[in-house]
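Student: Structure in structure tokens, see below.
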Amino acid sequence: ATKAVTIQVKGARDKDGALAAARTIANSPLVKTAFFGQDPNWGRIMAALGRSDCFFHPDRVSIAFDDVPIVVEGTGLGPEAERKSAQVMQQDAFILTIDLHDGSGSGEIQTCDFSKEYIEINADYRS
Numbered sequence: 002a003t004k005a006v007t008i009q010v011k012g013a014r015d016k017d018g019a020l021a022a023a024r025t026i027a028n029s030p031l032v033k034t035a036f037f038g039q040d041p042n043w044g045r046i047m048a049a050l051g052r053s054d055c056f057f058h059p060d061r062v063s064i065a066f067d068d069v070p071i072v073v074e075g076t077g078l079g080p081e082a083e084r085k086s087a088q089v090m091q092q093d094a095f096i097l098t099i100d101l102h103d104g105s106g107s108g109e110i111q112t113c114d115f116s117k118e119y120i121e122i123n124a125d126y127r128s
């Protein structure tokens, strides 16, 4: 791993939903590879969120990398926000915050990226 990422989900209906959402995002291989590539691909984050057991309204979701918003109320903020978010992702550690704007539940999960070396190591042996 090359990056430590804290995933914070807030504004969920309850804590269990927030933790389910954070865990699903944290465990998504596509999100983890986007972290490695410093690609603030919020579509991958939304897709992982949609696979979680957390109820949410897509048009209420806001996403930020550290304090840089990239999605507000379900709408991407465009190339400049993506550029600034990618700069945040160059750090060894950052916070991804997802606000569902649907309640007071919150949860946090720690994760990391998937690097090329991780894939090579795990592709080269049989478990």
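Residues in the sequence shown are numbered consecutively from 2, following the working numbering. Even glycine gets a Cβ: it sits at the ideal position worked out from N, Cα and C. These numbers were taken from a predicted model, which means no experiment stands behind them.
1. What's the call for Thr76, buried or exposed, on a 16-neighbour Cβ count within 10 Å?
2. Between Asp60, Asn28 and Ala49, which lies nearest to Asp114 when the distance is taken from Cα to Cα?
3. Tell me the DSSP secondary structure of Ile17 in three-state form.
4. For Ile8, which of Asp67, Glu74 and Leu78 has the nearest alpha-carbon?
5. Taking DSSP as the reference, what is the three-state secondary structure of Asp106?
6. Using a threshold of 7 Å, state whether the C-beta atoms of Gly12 and His102 are closer than that.
7. Quick check on Gly51: buried or exposed, where buried means 16 or more other Cβ atoms within 10 Å of its Cβ?
8. Going along the chain, which residues of its own chain have a beta-carbon closer than 7 Å to the beta-carbon of Arg61, five neighbours each way excluded?
Tutor: Taking the geometry as given:
1. exposed
2. Considering only alpha carbons, the answer is Asn28.
3. Going by the sequence as given, residue 17 is Asp instead of Ile. Asp17 falls in the helix class under three-state DSSP.
4. The shortest C-alpha separation from Ile8 is found at Asp67.
5. The sequence given here places Gly at residue 106; Asp does not occur at that position. Note: Gly106 maps to strand in three-state DSSP.
6. yes
7. exposed
8. Glu74, Gly75, Leu101, His102 and Asp103.
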